[in-house]
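Engineer: To convert, count from 1 in the sequence shown and add 6; that's the numbering used here.
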Amino acid sequence: MSDFFSFFRKYREISTLIILILISSISIGLNNSEKLINPKEAGFTVFSAFQRGVDGIGNFFSNTVNSINELSELREAYEQLQEKVTEYSEIERNIEELKNENADLREQLGFSKTSPYKNIPARVIGKDPGNTFNSIIINKGSTSGIERNMPVIALKDGYHGLVGKIADVGAFTSVVIPIYDESAYVSARLQESRYEGLITGRGYSDSILTMDYIKKIAREHIKYGDFVITSGMNSLFPKGIYIGRVTAIEGKEWATSLQLEIEPVVEFTTLEYVFVLQRSEE
Numbered sequence: 007m008s009d010f011f012s013f014f015r016k017y018r019e020i021s022t023l024i025i026l027i028l029i030s031s032i033s034i035g036l037n038n039s040e041k042l043i044n045p046k047e048a049g050f051t052v053f054s055a056f057q058r059g060v061d062g063i064g065n066f067f068s069n070t071v072n073s074i075n076e077l078s079e080l081r082e083a084y085e086q087l088q089e090k091v092t093e094y095s096e097i098e099r100n101i102e103e104l105k106n107e108n109a110d111l112r113e114q115l116g117f118s119k120t121s122p123y124k125n126i127p128a129r130v131i132g133k134d135p136g137n138t139f140n141s142i143i144i145n146k147g148s149t150s151g152i153e154r155n156m157p158v159i160a161l162k163d164g165y166h167g168l169v170g171k172i173a174d175v176g177a178f179t180s181v182v183i184p185i186y187d188e189s190a191y192v193s194a195r196l197q198e199s200r201y202e203g204l205i206t207g208r209g210y211s212d213s214i215l216t217m218d219y220i221k222k223i224a225r226e227h228i229k230y231g232d233f234v235i236t237s238g239m240n241s242l243f244p245k246g247i248y249i250g251r252v253t254a255i256e257g258k259e260w261a262t263s264l265q266l267e268i269e270p271v272v273e274f275t276t277l278e279y280v281f282v283l284q285r286s287e288e
């Protein structure tokens, strides 16, 4: 009953209109009736009609409120399901990433054990920001046997590719100068034709390398895609480590030598794991 009075106070004008309509309807009914109705019956009839009208309105609003509540509950359940789907999707992505990382780690571990080079595995933990970073930080230092000028390589698509050399050593971390640094020089050799030259960097992690001082007569023996490897001649780097592939050949008429553009084997922008080669005991 209190709900009725609350409704009446809140919607007084509408309620008054409804009551007037009900009374008018009952009066018309009484005028058309041949039977005389005493005041008590008339009052009861008015009240009954009014009560039915109020009950109908109350049921309408009650059902409407219930429907709104149900919709609200459904929406809340839907949002919870959406959150669960998002969580499961994130878990699935994490699982996939862990699978890839584990596969990569198994490959790295297998290489470390079977490599012809005695090595110290390490993880990349820092780089200079942007494309021009000219140093790479690894998580191994002097306590792990790292020393300055040790060669650094990485495994890429089954090839052991040259990364650079150790430039600075701390107790637990070391700094690597990569081969794309402008100050880097590597004695190199074309794997097929065996012609030699010198590799230099251009200072960008995503740029190609340059190979200079190749004899001009080597032009007919060089093909696009040929591998370039370390020569081991007067160098810190042992021979036979992959550097990259030939992508361009330049030889001007007045020049006495060829210049090659080399795409590195190592993908420096996504580099995560490396191997520091220990010096031979010989």
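The beta carbon of each residue, even a glycine, is placed where N, CA and C say it ideally should be.
Rounded to whole angstroms, what's the CA-CA distance from ALA177 to TYR219? Just pull it up for me.
Structural biologist: If you take the alpha carbons of ALA177 and TYR219, they lie about 39 Å apart.
Engineer: Hey, ILE268 and VAL252 are a contact pair by Cβ (cut 8 Å); roughly how many whole angstroms apart?
Structural biologist: The Cβ separation is near 6 Å, so the contact holds.
Engineer: Would LEU161 and ILE185 be called neighbours here (beta carbons separated by less than 8 Å)?
Structural biologist: Cβ distance not < 8 Å, so LEU161 and ILE185 don't count as in contact.
Engineer: When burial is assigned at 16 or more other CB atoms within 10 Å of the CB, is ASN75 buried or exposed?
Structural biologist: Exposed, because fewer than 16 other Cβ atoms sit within 10 Å of the Cβ of ASN75.
Engineer: Thinking C-alpha only, which one of LEU87, VAL272 and LEU277 is nearest PHE233?
Structural biologist: When only C-alpha atoms are compared, the closest one is VAL272.
Engineer: For LYS171, which residues does DSSP report across the bridge?
Structural biologist: Its beta-bridge partners are PRO157 and ILE183.
Engineer: Can you confirm whether GLU153, when its beta carbon is compared against all beta carbons of chain C, has any partner nearer than 8 Å?
Structural biologist: Checking the listed chains, one finds no chain C in this structure; it contains a single protein chain.
Engineer: Hey, would you say ILE143 sits closer than 8 Å to ILE159, going by beta carbons?
Structural biologist: No, Cβ-Cβ distance for ILE143 and ILE159 is not below 8 Å.
Engineer: What residue from ASN125, LEU77 and LYS229 has the CA that sits closest to SER197's CA?
Structural biologist: At residue 197 the sequence reads Gln, which differs from the Ser that was named. Cα-wise, what sits closest to GLN197 is LYS229.
Engineer: Using DSSP with H/G/I as helix, E/B as strand and the rest coil, what is PHE233?
Structural biologist: Note: PHE233 maps to strand in three-state DSSP.
Engineer: Span of the beta strand (DSSP E) holding PRO270?
Structural biologist: Element bounds for PRO270: 263 to 270.
Engineer: Check ILE152 in the structure and name its three-state DSSP category.
Structural biologist: ILE152 falls in the coil class under three-state DSSP.
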